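The structure appears below as structure tokens.
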Amino acid sequence: MAQFNTWVEFKIMIRALSKNDSDFIYIYSVYESKNYSENKVETYYLASCSNYQGLMAYRESEVYNIEILADNYVSLATVDLSAGLNNRMHPILYDFLKNDWDAYEGIVEGQLEPWLEFQKELGHRP
757 MAQFNTWVEF
767 KIMIRALSKN
777 DSDFIYIYSV
787 YESKNYSENK
797 VETYYLASCS
807 NYQGLMAYRE
817 SEVYNIEILA
827 DNYVSLATVD
837 LSAGLNNRMH
847 PILYDFLKND
857 WDAYEGIVEG
867 QLEPWLEFQK
877 ELGHRP
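Per the numbering used here, the sequence shown starts with residue 757, numbered consecutively.
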């Protein structure tokens, strides 16, 4: 796993507020997906929140006040031809996706060991 400088890594962050509880969420992946019931493409955010271990998918309509503190995210369109042009992922989460699918899956699902490893790589609690 790649080691990142904590100060620099903390600045690689997109955060927003959740409309559900007005709490900060920290966005680690932005992706587009087809909403077949409404026949349109929607933007989703894979993010952490204070009251959940793991990453939750938020619809664009569920977040507001998006702040890009620094956007060094990996453009998934450059590494996966099936990804949407606006799909991007935090470099540490992408490293897990690319190199350790089981850990990536555990991070998203909030399994304790992978979640703690993710926090360690980030250098702070997401």
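Virtual Cβ for every residue (Gly too), placed ideally from N, Cα, C. Remember, predicted model here, so these are calculated numbers, not experimental data.
Three-state secondary structure (DSSP) of residue i
i    : result
L841 : coil
A758 : Low confidence applies here, because A758 scores a pLDDT of 44, under 50, leaving its location unreliable; read the following figure in that light. In the structure shown, A758 sits in coil (DSSP, three-state: anything other than H, G, I, E or B).
V864 : helix
N855 : helix
Y792 : coil
Y829 : coil
I848 : helix
I824 : strand
C-alpha gap between residue i and residue j, whole angstroms
i    : j    : result
N776 : A803 : 14 Å
C805 : K876 : 17 Å
K796 : E869 : 37 Å
D858 : N828 : 24 Å
S774 : N807 : 12 Å
E865 : W871 : 9 Å
N855 : I781 : 25 Å
L811 : V819 : 15 Å
L841 : L832 : 8 Å
L878 : I863 : 12 Å
Neighbourhood of residue i by C-beta, 6 Å cutoff - its chain only, sequence neighbours within 5 removed
i    : result
Y850 : V830
E823 : R771
N791 : E798
P847 : V830
Residues sharing a beta bridge with residue i, DSSP
i    : result
L878 : In DSSP, L878 forms no bridge with anything.
E816 : In DSSP, E816 forms no bridge with anything.
L872 : Answer is none; L872 lacks a bridge partner.
V797 : K790
Y784 : Answer by DSSP bridge pairing: none, since Y784 is not bridged.
Chain-order list of residues whose beta-carbon lies under 8 Å from that of residue i (same chain, five-residue window excluded)
i    : result
Y800 : V786, Y787, E788, S789, A813, Y814, R815, E816
L853 : M845, Y860
Q950 : This structure cannot settle anything about residue 950, because the visible part of the chain is limited to 757 through 882.
Taking contact to mean at least 3 C-beta pairs separated by less than 8 Å, is the stretch 810-824 in contact with the stretch 832-840?
-> Taking 8 Å as the limit for Cβ pairs, the verdict is that the stretch 832-840 does not touch the stretch 810-824.
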